[in-house]
Amino acid sequence: MFTVDLDGFDQAIEAALNPNKIRTAARMALNEAARAGRTEASKAIRSHWNIAPSKVNKEVKNIKAATNGDLTAVISAEGRPISLAYFGAKQVTRVVSTRTGKRKVVRGTTVAIRPGLRISYPKAMMARMANGYFGVFMNQADFYNQGYKYHTPKRGRHRGERGRSKIVNMATISIRSMFRQDKVRTPTIKAIIAKWNERFGYHVSRMMDK
């Protein structure tokens with residue numbers, strides 16, 4: 002979450018001839034800066050992760066606009082970890098040769114989490130659960146043997162199977178976590194500052210002319 006406020010602004014406007022107009026100008030510029038920050042955050046997230054604009058914009062929000070009485074604007078991000086099934090998951094099968102000269106079938110799943118890059122997850126499978134949920138899963142033992150420690154194992158049952166098996170529902174981080182990373186935060190802050198510097202003086206001049 003970003004909170005955009007103006008430290009020391011109250012003291013500054015006390016010396017102004019028209020403090021109410023200055024505060025109004027600041028409120029308008031601050032809200033424009035917050036919107037610019039939200040737009041830049043969405044752009045930065047989509048440049049690093051293969052996520053549709055509609056999904057990012059739904060979870061990155063301006064949840065509080067500045068008012069004349071409270072010159073603070075807030076940008077926040079929500080969301081849960083995103084299933085690998087979202088990223089164009091494809092089931093793949095290939096035949097490989099073993100050291101003994103035998104051939105075996107290896108199955109896995111590929112996904113495009115990053116723009117222009119498809120990653121392979123050997124032994125991962127696409128399946129629909131009994132409750133209708135569709136995702137990418139891996140046997141828990143295989144999952145931890147491959148070192149994917151940042152996912153949470155869950156129990157479930159594939160449609161058509163008998164009994165229960167320990168599987169991992171594979172997912173990436175949430176948009177909220179993406180929003181907190183420096184590669185998103187840094188350009189977002191720069192966009193906020195740039196828009197504020199551009200618009201505050203403009204609104205002050207316009208208000209003083211009234």
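Start counting at 1 in the sequence shown, then tack on 1, and there's your number in our numbering.
Glycine is no exception: its CB is placed at the ideal position from the N, C-alpha and C atoms.
Problem - Coil, strand or helix - residue 175 by DSSP - result: Walking along the sequence shown from the start, residue 175 turns up at place 174. Correct three-state label for residue 175: coil.
Practice task
Return the chain-ordered list of same chain residues with a C-beta closer than 8 Å to the C-beta of residue 177, the five sequence neighbours on each side being excluded.
Solution key: Translated into the one-based positions of the sequence shown, residue 177 becomes position 176. These residues qualify, in order along the chain: 60, 78, 79 and 80.
Practice task
Determine the closest residue to residue 194 out of 89, 39, 22 and 24, with distance taken between C-alpha atoms.
Solution key: Residue mapping note: residue 194 aligns to position 193 of the sequence shown, counting from 1. It is 39.
Practice task
Rounded to whole angstroms, what's the CA-CA distance from residue 208 to residue 137? Just pull it up for me.
Solution key: Taking the first residue of the sequence shown as 1, we reach residue 208 at position 207. Taking the first residue of the sequence shown as 1, we reach residue 137 at position 136. Distance between the alpha carbons of residue 208 and residue 137 is about 56 Å.
Exercise for the section: Assign residue 16 to one of three DSSP states: helix, strand, or coil. Expected result: Reading the sequence shown from its first residue, position 15 is the one you call residue 16. For residue 16, the predicted structure reports a pLDDT of 45, less than 50, and the residue's modelled location is therefore unreliable. The matter cannot be settled from this model.
Problem - Cβ distance (whole Å) where residue 75 is taken to contact residue 65 below 8 Å - result: As a first step, residue 75 is located in the sequence shown; it is residue number 74 there, counting from the start. As a first step, residue 65 is located in the sequence shown; it is residue number 64 there, counting from the start. Their Cβ separation, rounded to whole angstroms, is 4 Å, which keeps residue 75 and residue 65 in contact under 8 Å.
Problem - Beta carbon of residue 69 nearer than 8 Å to that of residue 36 - result: Sequence index remark: in the sequence shown, residue 69 carries index 68 (1-based). Sequence index remark: in the sequence shown, residue 36 carries index 35 (1-based). Not in contact: residue 69 and residue 36 (Cβ atoms no closer than 8 Å).
Problem - residue 128 - DSSP class collapsed to helix/strand/coil - result: Mapped onto the sequence shown, residue 128 falls at position 127. It is a strand residue.
Practice task
Report all residues from its chain with a CB closer than 6 Å to the CB of residue 157; omit the five preceding and five following residues, and keep chain order.
Solution key: On the sequence shown, residue 157 is found 156 positions in, with the first residue counted as 1. Here the model assigns residue 157 a pLDDT of 47, short of 50, so the residue's position is not dependable and the matter cannot be decided.
Problem - Unbroken stretches of the alpha helix (DSSP H), 4 residues or longer, contained in the segment 36-66 - result: 54-60
Practice task
List the DSSP bridge partners of residue 117.
Solution key: Taking the first residue of the sequence shown as 1, we reach residue 117 at position 116. In the DSSP output, where bridge partners are listed per residue, residue 117 has none listed.
Exercise for the section: Would you identify the three-state DSSP class for residue 207, choosing helix, strand or coil? Expected result: Taking the sequence shown and counting its residues from 1, the one referred to as residue 207 is at position 206. Residue 207 falls in the helix class under three-state DSSP.
Practice task
Can you grab the Cα-Cα spacing for the pair residue 153 / residue 67, in whole Å?
Solution key: For the purposes of this step, residue 153 is taken as the residue at position 152 of the sequence shown. For the purposes of this step, residue 67 is taken as the residue at position 66 of the sequence shown. For residue 153, the pLDDT reaches just 48, beneath the cut-off of 50, and the residue's location in the model is therefore unreliable, leaving the point undetermined.
Handout entry: Exposure of residue 23, with buried meaning 16 or more beta-carbon neighbours within 10 Å
Key = Against the sequence shown, residue 23 aligns to sequence position 22. Buried is the call here.
Problem - C-beta contact flag for residue 172 and residue 135 at 8 Å - result: The residue you call residue 172 lines up with position 171 of the sequence shown. The residue you call residue 135 lines up with position 134 of the sequence shown. Contact: no.
Practice task
Within 10 angstroms of the Cβ of residue 1, are there 16 or more other Cβ atoms? Answer buried if so, exposed if not.
Solution key: Residue 1 lies beyond the stretch modelled for the chain, which goes from 2 to 211, so this question has no answer here.
Practice task
Using three-state DSSP, classify residue 202 as helix, strand or coil.
Solution key: The count along the sequence shown starts at 1 and reaches residue 202 at position 201. Residue state, collapsed to three classes: helix.
Handout entry: Coil, strand or helix - residue 82 by DSSP
Key = One-based indexing of the sequence shown puts residue 82 at position 81. Three-state result, residue 82: coil.
Handout entry: As assigned by DSSP and simplified to three states, the class of residue 134
Key = In the sequence shown, the residue the question calls residue 134 occupies position 133. Looking at residue 134 - three-state DSSP - the assignment turns out to be coil, as it is neither helix nor strand.
Problem - Cα-Cα separation, residue 46 to residue 139 - result: Taking the sequence shown and counting its residues from 1, the one referred to as residue 46 is at position 45. Taking the sequence shown and counting its residues from 1, the one referred to as residue 139 is at position 138. Taking the straight line joining both Cα atoms gives about 27 Å.
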